[in-house]
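Student: These protein sequence lines are chains A and B, in that order. Following the numbering used here, the numbering of the first sequence begins with -18 at its first residue and continues without gaps. Following the numbering used here, the numbering of the second sequence begins with 25 at its first residue and continues without gaps.
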Amino acid sequence: MVVILGIAAAAAAMWDRYAPPNACLFCAAPEHYDMALNATPAAVGTSGAAEGLRRNQYPAANSSAIPGPAYGDAAGGGARRSQPGDARRPWTPWGKGADLHRYGSSEVGGPDVAMGGLWRLMTLAHRTTEPVAASAPPQAARTSQPKAARPAPKPPRRGVPGPAAPPLAAPVATVVTPTNPFTGFETGPADPFQPPPPGGSLDPGGPGGSGSSGGGTSATPEPASLLLIGTGLLVLAGELRRRRVI
Amino acid sequence: MGVLLALALAWLYAETLAGLGREWLSSPDASYGVVLAAVAAAVAWQRRDRVARACAEPPTHRSAGAFIFGAGLLLFLAGQLGADVFLTRLSLVAVLTGTLWFVAGAAVVRVLAAPLAFVLMAVPLPALIVNAVTLPLQFTASQIAESTLVTAGVAVFRDGNVLELPSTTLQVAEACSGLRSLVSLTAIAVLLAWATPGHSRLARVAMVAAAIPVAIVMNGFRIAGIGLACEAWGPRMASGAWHTLSGWLTFAASAVVLIAIQRIIAPDRAVPPALEGAAAA
Chain A
-18 MVVILGIAAA
-8 AAAMWDRYAP
2 PNACLFCAAP
12 EHYDMALNAT
22 PAAVGTSGAA
32 EGLRRNQYPA
42 ANSSAIPGPA
52 YGDAAGGGAR
62 RSQPGDARRP
72 WTPWGKGADL
82 HRYGSSEVGG
92 PDVAMGGLWR
102 LMTLAHRTTE
112 PVAASAPPQA
122 ARTSQPKAAR
132 PAPKPPRRGV
142 PGPAAPPLAA
152 PVATVVTPTN
162 PFTGFETGPA
172 DPFQPPPPGG
182 SLDPGGPGGS
192 GSSGGGTSAT
202 PEPASLLLIG
212 TGLLVLAGEL
222 RRRRVI
Chain B
25 MGVLLALALA
35 WLYAETLAGL
45 GREWLSSPDA
55 SYGVVLAAVA
65 AAVAWQRRDR
75 VARACAEPPT
85 HRSAGAFIFG
95 AGLLLFLAGQ
105 LGADVFLTRL
115 SLVAVLTGTL
125 WFVAGAAVVR
135 VLAAPLAFVL
145 MAVPLPALIV
155 NAVTLPLQFT
165 ASQIAESTLV
175 TAGVAVFRDG
185 NVLELPSTTL
195 QVAEACSGLR
205 SLVSLTAIAV
215 LLAWATPGHS
225 RLARVAMVAA
235 AIPVAIVMNG
245 FRIAGIGLAC
255 EAWGPRMASG
265 AWHTLSGWLT
275 FAASAVVLIA
285 IQRIIAPDRA
295 VPPALEGAAA
305 A
């Protein structure tokens, strides 16, 4: 029992020392580690990498551009800025201290965990931008974002070993637009004053939804009421003639 | 005097009549109105001698005609102010009836009651009623089609108004709700009940009421038939000539079923005495 507890304590201590703060125990993807380990404080903002740097747990930040989201901005204005005392806040299993200790930047902790998918989307969005020349020095992504609101991170102390970062791919764009991942990719609403195309499903004089409606679904409209009542009149005429009414 | 009155009515309802004609000629949901208007004109023409005889009589109850005329004009005003074409079109029938009553008397209105009723039926249903009725009709037709397909041994999964078949997916859209066949078959039932007099009023009402379930059930059978055809010959059977033909055949079968029900409700009689004179006229 003592040995098991010791191993567990050692593993926890190792995790606390080497694991990036925004790496989740449950849903962490490899790119989380890569980005977190290689992120510049400016790119990562207050996501916890700066906190890690303050704690001297990471090597000197790679200056390669990492298209990482600035949590403090992208995750909403409510994201909590790191406080000096956060790094040393004791662990409490019931309160926010645990979340803050684990996830670093978010006041509730949850959004950072849920940012995994969004992080990937934003990474893809950045990588679709125009690449720079090979000789151009790589810069941090989101250079167009205002940095005045962010506190200048402390320069990392050198000489502290840390986990080796895998080599990154070619640097990506220097100027990234749009800066807000939630805008600029939207399709504008349809003009409500634009009339429907003639003969379309919304056209009152159109076929009334006949034909395929897409996706392999076939509509089953009735024939026009003119044809129907004409047919009925023929049947009715036959019946009345049989009865010698007409 | 009569000419001036006709010109005034034509001027008042010129736009309404033009819109009605456009909808009859353009909308497959309302095109039955052309046939009913033609039937109304034919019946009125057929009864022209009776109308002439009725006009020879002194008009009675002219105040009632004036009341209907005034009510029709108020209805027209309400339709114009409320931008409701249905009210405006409805007021056309009311104003026409009131004018005939006031000018020629109640006897003429009695003779022309059937054509006026056909004109009333030719007015397309308002969107309020269509929207309220369409969705329940869609669901009912989907349920009937699902039950029929299951009975026929076809695996089907219904999700609302969508029928998932092994070969294709059938969507019972608004145009497939059966409202067209319902309106058309009801009109046929009215014509049938009118053309076969000699029966009680209750029997005639039952004839017309029977058209509603017949149209709904037969529309479900039509959709089930399309599903069976898709399973047998492929999804292309859900569109094209077979699709149109199936709808046409289904409505013809509905009319035959309606006549069969009418024979049960009101057994066949010899020459109806009330219609004998009308047919001769």
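C-beta: ideal position from N, C-alpha, C; glycine also.
If you measure between the beta carbons of E81 of chain B and A131 of chain B, is that distance less than 7 Å?
Tutor: Cβ distance < 7 Å, so E81 of chain B and A131 of chain B count as in contact.
Student: Nearest to P237 of chain B by CA position, among B:L269, B:G271, B:I285 and B:V154, is which residue?
Tutor: Nearest C-alpha to P237 of chain B: B:I285.
Student: So R222 of chain A contacts chain B; which residues on that side make the cut at Cβ distance below 7 Å?
Tutor: Simply none; closest approach about 11 Å.
Student: Is the Cβ-Cβ distance between A248 of chain B and A138 of chain B less than 7 Å?
Tutor: Contact flag unset, no.
Student: Report the three-state DSSP secondary structure of E188 of chain B (helix, strand or coil).
Tutor: Looking at E188 of chain B - three-state DSSP - the assignment turns out to be strand.
Student: How is D53 of chain B classed by DSSP in three states: helix, strand or coil?
Tutor: Coil, per DSSP.
Student: Looking at L44 of chain B: is its Cβ nearer than 7 Å to the Cβ of R113 of chain B?
Tutor: Closer than 7 Å, so yes.
Student: Could you tell me which residues DSSP pairs with R182 of chain B in its beta bridges?
Tutor: Looking at the DSSP assignment, R182 of chain B forms a beta bridge with B:L187.
Student: Nearest to L136 of chain B by CA position, among B:N243, B:A277, B:C79 and B:I240, is which residue?
Tutor: For L136 of chain B, the nearest C-alpha among the options comes from B:C79.
Student: Does A218 of chain A come within less than 7 Å of chain B when only Cβ atoms are used?
Tutor: Chain B, which has no Cβ nearer than 7 Å to the Cβ of A218 of chain A, makes this no.
Student: Pick helix, strand or coil for L44 of chain B, following the three-state DSSP scheme.
Tutor: It is helical.
Student: Using three-state DSSP, classify T193 of chain B as helix, strand or coil.
Tutor: DSSP places T193 of chain B in strand when its eight states are reduced to three.
Student: In whole angstroms, give me the CA-to-CA distance for L49 of chain B and D73 of chain B.
Tutor: Cα to Cα, L49 of chain B sits roughly 31 Å from D73 of chain B.
Student: Could you list which residues in chain A have their beta carbon closer than 8 Å to that of S363 of chain B, in chain order?
Tutor: With chain B covering 25 to 305 only, the question about residue 363 of chain B has no answer from this structure.
Student: Out of curiosity, what's the CA-to-CA distance linking E255 of chain B and D108 of chain B?
Tutor: Answer to the nearest angstrom: the Cα atoms are 45 Å apart.
Student: Are any of the Cβ atoms in chain A nearer than 7 Å to that of C79 of chain B?
Tutor: For C79 of chain B, the answer is no, since every Cβ of chain A falls outside 7 Å of its Cβ.
Student: Label N155 of chain B either buried or exposed according to how many other C-beta atoms from any shown protein chain fall within 10 Å of its C-beta, with 16 as the threshold for buried.
Tutor: Exposed, because fewer than 16 other Cβ atoms sit within 10 Å of the Cβ of N155 of chain B.
Student: First and last residue of the alpha helix (DSSP H) that includes H267 of chain B?
Tutor: That run of the alpha helix (DSSP H) goes A265 to I289.
Student: Please list, in chain order, all residues of the same chain as S191 of chain B whose beta carbon is under 7 Å from its beta carbon, the five residues on each side excluded.
Tutor: So the list reads C254, E255, G258 and P259, once near-sequence residues are dropped.
Student: Considering only C-alpha positions, which residue in the set B:T268, B:I240 and B:I212 is nearest to A64 of chain B?
Tutor: Nearest of B:T268, B:I240 and B:I212 to A64 of chain B, Cα basis: B:I212.
Student: Identify, in the order they occur along the chain, each residue of the same chain with its Cβ nearer than 6 Å to the Cβ of G244 of chain B, setting aside the five sequence neighbours on each side.
Tutor: Within the same chain, G244 of chain B has close Cβ partners A165, I168 and A169.
Student: If the cut-off is 9 Å on Cβ atoms, which residues from the segment 219 to 231 of chain B count as contacting chain A, listed in chain order?
Tutor: Within the segment 219 to 231 of chain B, the residues whose Cβ lies closer than 9 Å to some Cβ of chain A are A219 and T220, listed in chain order.
Student: Kindly give me the distance between the Cβ atoms of S224 of chain B and R246 of chain B, rounded to whole angstroms, as I take these residues to be in contact under 8 Å.
Tutor: Not quite, the Cβ-Cβ distance comes to about 33 Å (not below 8 Å), so this is no contact.
Student: Tell me, please, whether the segment 261 to 269 of chain B touches the segment 216 to 235 of chain B by the rule of three or more beta-carbon pairs shorter than 8 Å.
Tutor: With the cut-off at 8 Å, the segment 261 to 269 of chain B and the segment 216 to 235 of chain B do not touch.
Student: I'd like the list of long-range same chain contacts for L252 of chain B, defined as Cβ closer than 8 Å, with 5 residues on each side in sequence excluded.
Tutor: Counting only Cβ-Cβ distances below 8 Å, and skipping sequence neighbours, we find L173, A176 and V178.
Student: Is it true that the CB of S201 of chain B sits closer than 7 Å to the CB of A205 of chain A?
Tutor: No, the Cβ-Cβ distance between A205 of chain A and S201 of chain B is not below 7 Å.
Student: Identify the contact partners of L101 of chain B in chain A, using a Cβ-Cβ distance below 8 Å as the criterion.
Tutor: The premise fails here: L101 of chain B is roughly 26 Å from chain A at the closest Cβ pair, so nothing lies under 8 Å.
Student: Go through the segment 61 to 145 of chain B residue by residue and report every complete run of the beta strand (DSSP E) that reaches 3 residues or more, in order.
Tutor: Runs of the beta strand (DSSP E) inside the segment 61 to 145 of chain B: none found.
Student: Whole angstroms is fine: what's the gap from L226 of chain B's alpha carbon to M145 of chain B's?
Tutor: Roughly 20 Å separates the two Cα atoms.
Student: Quick one, are the C-beta atoms of T91 of chain B and T123 of chain B less than 7 Å apart?
Tutor: Residue identity check: residue 91 of chain B is Phe in the sequence provided, not Thr. No, Cβ-Cβ distance for F91 of chain B and T123 of chain B is not below 7 Å.
Student: Between B:V119, B:L209, B:V229 and B:V58, which has its C-alpha nearest A276 of chain B's C-alpha?
Tutor: Of B:V119, B:L209, B:V229 and B:V58, the residue nearest in Cα terms is B:L209.
Student: Return the residue from the list B:P148, B:E198 and B:V67 that minimises the CA-CA distance to L41 of chain B.
Tutor: Here the closest residue by C-alpha is B:P148.
Student: Hey, would you say I289 of chain B sits closer than 7 Å to M231 of chain B, going by beta carbons?
Tutor: Yes, the pair counts as a contact, with Cβ atoms nearer than the cut-off.
Student: Could you give the DSSP three-state label for L147 of chain B: helix, strand or coil?
Tutor: Note on identity: in this sequence residue 147 of chain B is Val, with Leu being the wrong assignment. Here V147 of chain B sits in coil by DSSP.
Student: For L282 of chain B, tell me which candidate among B:A239, B:W266 and B:S51 has the shortest Cα-Cα distance.
Tutor: Ranking the options by Cα distance to L282 of chain B, first place goes to B:A239.
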